[in-house]
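> Below you will find the structure I want to go over with you.
Numbering (this note's numbering), first residue to last: 158 to 1191.
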């Protein structure tokens, strides 16, 4: 086995990284301080580009040397750079060398240097958490009389104590000693006591720390000390819940304190314990909170905090036990507090919290066995909620978002934050989804009357609430759809002085499109809508073609997502002449072509259904509208192919791979539907005669049962093959959509289920010809499980199933009469698809980078030459980088592991990129080796090794010594990543979707017969521990 011990400069990644490091060294060696700082600031960018352990080690060794040799200002720059690179610390393997170089500076004569060194140790806490020398250096400087040094030691302790049990155990006695000492300044004690929240690594230090803090409460009674000690005790109890009941009693006792700040802090700490350790709460604690709420002297802020505590408890698994009846019948209950708040008809933040808690308790009753007396009855809750929604705002200021001072509180109240309002709407959606019988009562609120294009942020949140309700309950607001557009336009003309908000315009437009999804907006309605939008954002005389370009593009995207493709095509067409770059022009032309194809097909199919009054599907007579439908499907498929070509021409770094493939699949779907229509229509009128002959022959014979048709028609096999290929393309596209949102996955699954329906239909027709039963069996064409947010392609499936079942029960000789299949195609063509969100916007981005070692160089034609005595060790290093646009960088689909497929193919000597197929006895391709390895991600890095075994190249033994040496063989080694998420799903990304394959060329030198004796008989042995599959090409 070859031992590949290439150094950093012998790999392509090493060469590139070394080149960049050399460039940075020029800046570091400059006499200009600015150039040096600039070079240090570029180190994080270098690690982002090459986040591999070998590069990380080199960079941090270089940074450490700069810290040791530079001035304090350069040390500060190094400290800031290291904070940016903390994500790469787990890949370091030279931790001891770094610590050994930095430790002497903790003994420097300069306190600033010592402070910077301590902060650097805190920044590098991932590699110093178990280093006793670092612990000793930090603990020694906590008592320093230099404030800059003491603050640095305290800050580093905050970094190390949460992750290092050894450090926490060493810190606890020192901390208790300093907190109890009278010589320690009060300002220093306030900084030190916050370290107590990290003393949760052992029972002994928890007890010691808690005793010290509780004793301090009796000594220091100032507001600042009491609030900080209560907060520290609460965090400590959340991490190590050993005295939760005592802590709850302590906090509840401080609710009677005369200082409002202390009471509010105690309530917030109670909320923290309710969120983190709700299983340690008891009913007596809930009762005491209810009593505190009922006391008349409490401020609204405290009542709001009480409801927040109740809400956290209601979200826990212990809510049923906690919210049952009180200890005594006379004790107040949570429902009493909720009812008292909802009967105060002046909506405040307390009322909003009470609404949220009431909805949560009612939903809790539906999911568990919570007694009915512990919640408000749904009917009573609806009455109270409606009364609150009909009340006015508690505070109407001059700069309110609504033009009317007497507007509803959910549009005018400035005391209620938009986040709380959105959360309340979310709970109301869950309530009406659980109790749909109360949803029709929403008409009494006339919420749609408050929808405005320029309604501000709160108006946009109201539109999102109504849109979500419409999605969950499709029958809601149906009678308001015809007049909604006119009312929306009239409200704009009445409010000329209102300020426009882009989010409100888009939300109101989405609600309009959703209410009008059963029919396309007419040209007159489109003009009225665009004029209204232009009136909101521009002068009153503005025309629909003078909309801001970005707003117009957003409106078109919104129209596509809700099936209004005609309006979207109109907007895209108007935007094309305004483009400044060729790529933008191709993009808008592709969108315009695709939208127009969708709109024309939907309009044509709906006109066919209305003009011909199609209601009966059992008529086998020739239908003239079928030809129009086939022509419309073919034209739509051609237009979609043109749109796909335009999208492919966009190119660029964003690479519209999903859009191009999605449009191609939609084009193939239209073409498959057209071909199915043609085949079924032709077979119905030509195949009837053949079946009639078979039926006559069957009746004249002595057999009582009809004979099956002899051979499956060619069109059935051809159609089945076409639909199966389309299903495979869909599966391949779904496997690449790791970064897609949930609605996009739902949409692709809906198309997949639609394709599966027609595949099962064709298989049922095919089964007739393979059995003795002439009846078409459609029982296998089942219904999918519909989700609450069903896609239009899913909602149409029950109708298709109904048509097939009706035909199956009514037709005596189904196999020869397939005139009902065009009715299925027509119903599918009437569906106005909702374009997925991933078509326009991705919420996260995943990139995979692979490196094969050893490798001759970075060029594609560089060849590595080896002697294959036993085998060749291949190392595959990789990095998975995931970035999200969601808040707090939340990743919807987190990759947890990577499976690497290593494939070795024999290549030609000339034209290294072309692989050859060796057609040997099994007609198998030139595959030499195949293996799979799974590796767990270490934050974002993974590594695995393969032992590649080639074929023996021993010189054959012949009698002559002048034998010519056979040529060396060239092999191509390719590594392909397969990503695995937390649920176990496999994602096979391609180069376009963010995971390029890595290839290396290897030349295996020919071995002479006197150098190997048994090589040819041993090279094809399988190493079971490698889980590989070597395949002989001889």
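The C-beta atom is built at its ideal place from N, Cα and C for all residues, glycine as well.
None of the values given here were measured: they were computed from a predicted structure.
Determine whether the beta carbon atoms of residue 498 and residue 508 lie at a separation below 8 Å.
A contact, by the Cβ cut-off of 8 Å.
> Is it the case that the region 705 to 721 contacts the region 1002 to 1009, given that we only count it when at least three CB pairs across the two stretches are under 8 Å?
Contact fails: fewer than three Cβ-Cβ distances are below 8 Å.
> Cβ of residue 915 within 8 Å of Cβ of residue 872?
The answer is no: Cβ separation not under 8 Å.
> As an exercise, report each continuous alpha helix (DSSP H) stretch of at least 4 residues that is fully enclosed by the region 284 to 316, in chain order.
The region 284 to 316 contains these whole alpha helix (DSSP H) runs: 289 to 298.
> Pairing CB atoms from the region 447 to 459 with CB atoms from the region 405 to 422, are three or more of them under 8 Å?
A contact exists between the region 447 to 459 and the region 405 to 422.
> So is residue 838 buried or exposed if we call it buried at 16+ other beta carbons inside 10 Å?
Classification for residue 838: buried.
> State buried or exposed for residue 1196, treating a residue as buried only when at least 16 other CB atoms are found within 10 Å of its CB.
Given that the chain is displayed from residue 158 to residue 1191, the structure contains no residue 1196 and the question cannot be resolved.
> Using only the alpha-carbon positions, how far apart do residue 285 and residue 316 sit?
Spanning the two alpha carbons is a distance of roughly 10 Å.
> DSSP has residue 1138 in a bridge; who is on the other side?
Answer by DSSP bridge pairing, in chain order: 1052.
> Just the C-alpha distance for residue 623 and residue 630, rounded to the nearest angstrom, thanks.
Distance between the alpha carbons of residue 623 and residue 630 is about 10 Å.
> Is residue 1196 buried or exposed, if buried means 16 or more other CB atoms sit within 10 Å of its CB?
Any property of residue 1196 remains undetermined from this structure, which presents the chain solely from 158 to 1191.
> Could you give the distance in angstroms between the alpha-carbon of residue 525 and the alpha-carbon of residue 277?
Going from the Cα of residue 525 to the Cα of residue 277 covers about 52 Å.
> When the Cα atoms are used, what is the spatial distance from residue 712 to residue 666?
So the alpha carbons of these two residues sit roughly 7 Å apart.
> Take residue 310 and list the residues in its own chain whose beta-carbon comes closer than 6 Å to its own, dropping the five residues that flank it on each side.
The answer, listed in chain order, is 275, 295, 298, 299.
> Let me know the secondary structure DSSP gives residue 370 once reduced to three states.
The answer is helix: DSSP assigns residue 370 an H, G or I state.
> Taking only three categories from DSSP, how would you classify residue 883?
Reduced to three states, the DSSP call for residue 883 is helix.
> If distances are taken between C-alpha atoms only, which option among 337, 394, 602, 382 comes closest to residue 354?
Answer by Cα proximity: 394.
> Taking just the CA atoms, how far does residue 620 sit from residue 738?
Using only the alpha carbons, I get a separation of about 35 Å.
> Do you know offhand how far residue 500's Cα is from residue 467's?
Looking at the two C-alpha atoms, the distance is approximately 18 Å.
> In this structure, what does DSSP give as the bridge partners for residue 872?
DSSP output for residue 872 lists no bridge partner at all.
> State buried or exposed for residue 334, treating a residue as buried only when at least 16 other CB atoms are found within 10 Å of its CB.
Looking at its Cβ environment, which holds fewer than 16 other Cβ atoms inside 10 Å, residue 334 is exposed.
> Report the residue ranges of all alpha helix (DSSP H) runs contained in full by the region 692 to 730; include only those spanning at least 4 residues, in chain order.
Counting only runs of 4 or more, we get 706 to 718.
> Please list the segments of the alpha helix (DSSP H) lying wholly inside the region 455 to 525, counting only runs of 4 or more residues, in order along the chain.
457 to 471, 476 to 479, 491 to 499, 506 to 524, all fully within the region 455 to 525.
> Have a look at residue 243 and residue 833 and give me their C-alpha separation to the nearest angstrom.
Near 59 Å, if we compare the C-alpha coordinates of residue 833 and residue 243.
> Name, in chain order, the residues that DSSP records as bridge partners for residue 1101.
1033, per the DSSP bridge assignment.
> Assuming the contact rule is C-beta atoms closer than 8 Å, residue 204 and residue 232 should be a hit. Round their C-beta distance to whole Å, please.
In fact, because the Cβ distance is near 19 Å, the residues do not count as touching under 8 Å.
> With distances taken between CB atoms, is the gap from residue 397 to residue 357 smaller than 8 Å?
It is a contact, given that the beta carbons lie within the stated cut-off.
> Counting beta carbon pairs with one atom in the region 1133 to 1148 and one in the region 884 to 893, are three or more of them shorter than 8 Å?
The region 884 to 893 is in contact with the region 1133 to 1148.
> I'd like to check one pair, residue 447 with residue 491: are the Cβ atoms closer than 8 Å?
In this structure, residue 447 lies closer than 8 Å to residue 491 by Cβ.
> Could you tell me the alpha carbon to alpha carbon distance between residue 676 and residue 707, rounded to whole angstroms?
Distance between the alpha carbons of residue 676 and residue 707 is about 26 Å.
> Alpha carbons only, please: which of 436, 424, 923, 897 is nearest the one belonging to residue 1043?
Checked all of 436, 424, 923, 897; the closest Cα to residue 1043 is 897.
> To which residues of the same chain is residue 279 closer than 7 Å at the C-beta, ignoring the five residues directly before and after it?
Cβ within range, chain order: 312, 313, 316, 317.
> Suppose the cutoff is 7 Å on Cβ atoms and the five residues either side in sequence are ignored; what does the same chain contact list for residue 829 look like?
Closer than 7 Å at the Cβ level, and outside the excluded window around residue 829, lie 879, 880, 883.
> Pick from 791, 992, 782, 421: whose alpha carbon is nearest that of residue 977?
Of 791, 992, 782, 421, the residue nearest in Cα terms is 782.
> Which residue marks the beginning of the beta strand (DSSP E) containing residue 1091, and which one marks its end?
Run containing residue 1091: 1084 to 1093, per the beta strand (DSSP E) assignment.
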